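In my numbering, the protein residues as written are 187 to 795.
From the three backbone atoms N, C-alpha and C, an ideal C-beta is built for every residue, glycine too.
Bear in mind that the values here come from a model prediction, so they are computed numbers and not experimental data.
Worksheet: one structure, shown below.
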Amino acid sequence: MSAREQDVGTGSSRDHQLPVASGRDTAAAVGRAALALPRLVASSTVAAVVGSIATIATPVLLGRIVDVVLAAVDRRTDVWPALTPLLVAVAAAVVVGAVLTSLALREAERLGASIAADLRERVVDRSLRMAPQTLERAGVGDVSTRVTEDVEVFTRSVPTISAVINSLITVGVSVVAFAALDGRLALAFFTVVPVYVLSLRSYLPRAAVLYAEERSRASTRSRVLLESVHGSRTVHAYGMGELQTDRVREASEAGLAAALRARRAFAGFAWTMNAAEAVGLSALVVCGFLLVRADLVSVGDVTAAALLFHRLFGPLGLLLTSFDDVQRAAAALGRIVGVARMDPPTSRVRPPRLSTATVRLTGIRHAYDDGHEVLHGIDLVVPAGTSLAVVGESGAGKTTLAAIAAGVFPPSAGTVELVDGDDPGICVDLADLDQVDLRSLVGLVSQESHVFAGTLRADLQLAKPGATDEELQAALDSTGATWARALPDGLDTVVGAGGYPLTPAQEQHLALTRLYLRNPPVVVLDEATAEASSAGARDLERVAEELLAGRTAVVVAHRLTQARACDRILVMADGRPVELGHHDELVAAGGMYARLWRTWTASGRDATT
Ligand SMILES: Nc1ncnc2c1ncn2[C@@H]1O[C@H](COP(=O)(O)OP(=O)(O)OP(=O)(O)O)[C@@H](O)[C@H]1O
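Here it is as structure tokens:
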């Protein structure tokens, strides 16, 4: 059974989800990303602070206007000489405040978008360099949700977050203005603080958990959905439709319930915030009335304080209503940063330059996550420049052995080493190499080759970045991909999803051509020619045979004609090697291989050889 089939059957457990960064680590990562853009940080901060001061100046000036008008009425003097400069100042403050506030928002949005782009790139980079088994265990759904939905949630929240930061600055400047007006009036304002603090203290910790849960449930839902779509063939084949529908429904319901819990908690929080505003304004009016009556402050001071407080409703209301978005963005950001902070695995040793290599497997045992051992101690040497076919019944462990030999995942026990074909003293353990170094030494083509969306040139250059058109054409000719010359736009033909439709055999052909271009000393082919009709498979086999010449190769052979062409054949049964030798020897020995060969020839599938 292939790994993909297993994934659909068991689903990936939530324990295997990729890490989520703590609030502190998330803030530190965002801070570091922001510091890399000092000009944007400086321009948005300066514009926000000066814009807030200008905005707050208006109510203060209006308070002065009230005092000026009252004084002029009292003294029956001309009001205009004192009033005119104040009116000009109000107009200037309004214009400067509006311009700088919108500039601050624009700069902060640019800053947020740059940080989001930077983090997205890092998540994609880490996902691509992640050890394949980490990715497989987490499930592609988890990674794709982080790169798409979570980044989207954060990017969409950037304008809100910018407005929130701006509002926080406005609130800070307002508090200073309050204190400058009259400390006692400021005290009235502070009656709201305990209400805010208490409700925030009860809401914030709950909200962080609720929103993290909501994101996590959304991720699980995407993963289950993706698995259902990717594994639809398996779902149909095993009649698992109803089971899988139940799984999707359960995941959706859990997601909805988590979202509703978060919304309910927020509604309760919003109610307390409204009550706090009413309490604060009432306290200010009463306090102002008493102070004016005692002749301790002017009517203009109380007017300015009341206007300031009223003006705060906007920023405070925004802080209140956007808490929801900010919490959700913070939860999404924690999941993005969780992956972005992962250390990409790096080689523990300097990879040796090997032109030929012997593959040495020692004491290989392997159990998948379910703990069931499927390989039971395999010792095997594939001498440099020779090929080994691996055959056996379905489930014998061929794919597992090939994946371990190719370093796709490490065995539960044992080692896979490459020994220099010219100098046996030079040797490297695959477990010590990162994916980049590993793939320069061991090439892998499996049955499921992917053609990336883009031009044929770009697809081939993945194997050899910077290769010229002549090199690419030569590689296509050498691997016999003559059909590529007939493509409508040659190397410019767009292939992959949505592009020129290639047959499965042509896709495999391209995978083999990429391997040719990469030119590793060791290759592992896992049923690389199975995706074709008999004649197509024979063509691909010929390509593979030519590709293997001079290299060390491990070939999981679906078609026994391919096994026959290899130097030696390993027959496996129940995770153990049972026969090893050349085709003729094994046929003569009359064992399991001879039986497989008889069945194969009797089926007439060798007719094309
Ligand atoms: N991802 C996985 N998780 C758990 N068990 C797995 C996984 N992949 C394979 N197995 C199990 O390991 C055993 C060996 O499977 P493997 O795919 O290596 O055999 P195979 O000989 O290549 O079979 P086939 O020819 O059908 O591909 C089987 O019992 C299979 O069910």
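Check: Length-filtered (4 minimum) alpha helix (DSSP H) runs lying within the region 384-450; Outcome: 418-423
Check: beta-carbon residue 598 near ligand 1 non-hydrogen atom, thresh 6 Å; Outcome: no
Check: Sequence-distant residues of the same chain with beta carbon closer than 6 Å to residue 282, five excluded per side; Outcome: 240
Check: Segments assigned alpha helix (DSSP H), at least 4 residues, entirely inside the region 653-726; Outcome: 655-664 and 690-704
Check: Residue 579 versus residue 548 - alpha carbon distance; Outcome: 23 Å
Check: Sequence-distant residues of its chain with Cβ nearer than 6 Å to residue 674 (five each side left out); Outcome: none
Check: With 16 other Cβ atoms within 10 Å as the buried cut-off, status of residue 784; Outcome: exposed
Check: Of the listed residues 231, 662, 495 and 741, nearest to residue 291 (C-alpha basis); Outcome: 231
Check: Residue 309 beta carbon less than 7 Å from that of residue 333; Outcome: yes
Check: Buried versus exposed, by CB contacts within 10 Å (16 or more), residue 597; Outcome: buried
Check: Among 242, 280 and 464, the one whose alpha carbon lies nearest that of residue 493; Outcome: 242
Check: contact_flag[the region 747-756, the region 769-779] where n(CB pairs < 8 Å) is 3 or more; Outcome: yes
Check: Check whether residue 788 and residue 524 have beta carbons under 7 Å apart; Outcome: no
Check: DSSP three-state assignment for residue 613, whether helix, strand or coil; Outcome: strand
Check: Contacting residues, own chain, Cβ-Cβ under 8 Å from residue 341 (five flanking each side not counted); Outcome: 298, 299 and 302
Check: Same chain, Cβ closer than 8 Å to residue 505, neighbours up to 5 away in sequence not counted; Outcome: 350, 353, 354 and 357
Check: Residue 565 to residue 647 span [Cα, whole Å]; Outcome: 36 Å
Check: Beta-carbon proximity of residue 405 to residue 331, cut-off 7 Å; Outcome: yes
Check: With 16 other Cβ atoms within 10 Å as the buried cut-off, status of residue 194; Outcome: Annotation note: pLDDT 33 at residue 194 (below 50); position unreliable, coordinate value reported separately. Classification of residue 194: buried, given that the 10 Å Cβ count is 16 or more.
Check: Contact under 7 Å by Cβ, residue 397 with residue 437; Outcome: no
Check: Secondary structure of residue 573, DSSP reduced to three states; Outcome: strand
Check: Interface flag, residue 313 vs chain C, CB-CB below 7 Å; Outcome: You won't find chain C in this structure, because it holds only one protein chain.
Check: Rounded straight-line distance, which links the Cα of residue 286 to that of residue 413; Outcome: 49 Å
Check: Residue 376 burial status per 10 Å Cβ neighbour count (16 or more: buried); Outcome: exposed
Check: Proximity below 7 Å, CB of residue 639 to CB of residue 683; Outcome: yes
Check: Nearest neighbour of residue 633, chosen from 654, 614 and 742 [CA to CA]; Outcome: 742
Check: Range of the contiguous beta strand (DSSP E) that encloses residue 754; Outcome: 754-759
Check: Integer-rounded CB distance, given that residue 489 should sit under 8 Å from residue 252; Outcome: 5 Å
Check: Sequence-distant residues of the same chain with beta carbon closer than 7 Å to residue 573, five excluded per side; Outcome: 734, 739, 741, 752 and 753
Check: Under the three-state DSSP convention, the category residue 782 falls into; Outcome: helix
Check: beta-carbon residue 741 near ligand 1 non-hydrogen atom, thresh 6 Å; Outcome: no
Check: Start-to-end residues for the beta strand (DSSP E) that takes in residue 327; Outcome: Residue 327 -> not in any beta strand (DSSP E); alpha helix (DSSP H) instead, spanning 326-331.
Check: Contacting residues, own chain, Cβ-Cβ under 7 Å from residue 198 (five flanking each side not counted); Outcome: Annotation note: pLDDT 39 at residue 198 (below 50); position unreliable, coordinate value reported separately. Once the five neighbours on either side are set aside, the close Cβ partners of residue 198 are 323, 324, 325 and 409.
Check: Cβ-based burial, residue 307 [other Cβ within 10 Å; buried from 16]; Outcome: exposed
Check: Alpha-carbon to alpha-carbon, residue 293 and residue 205; Outcome: 31 Å
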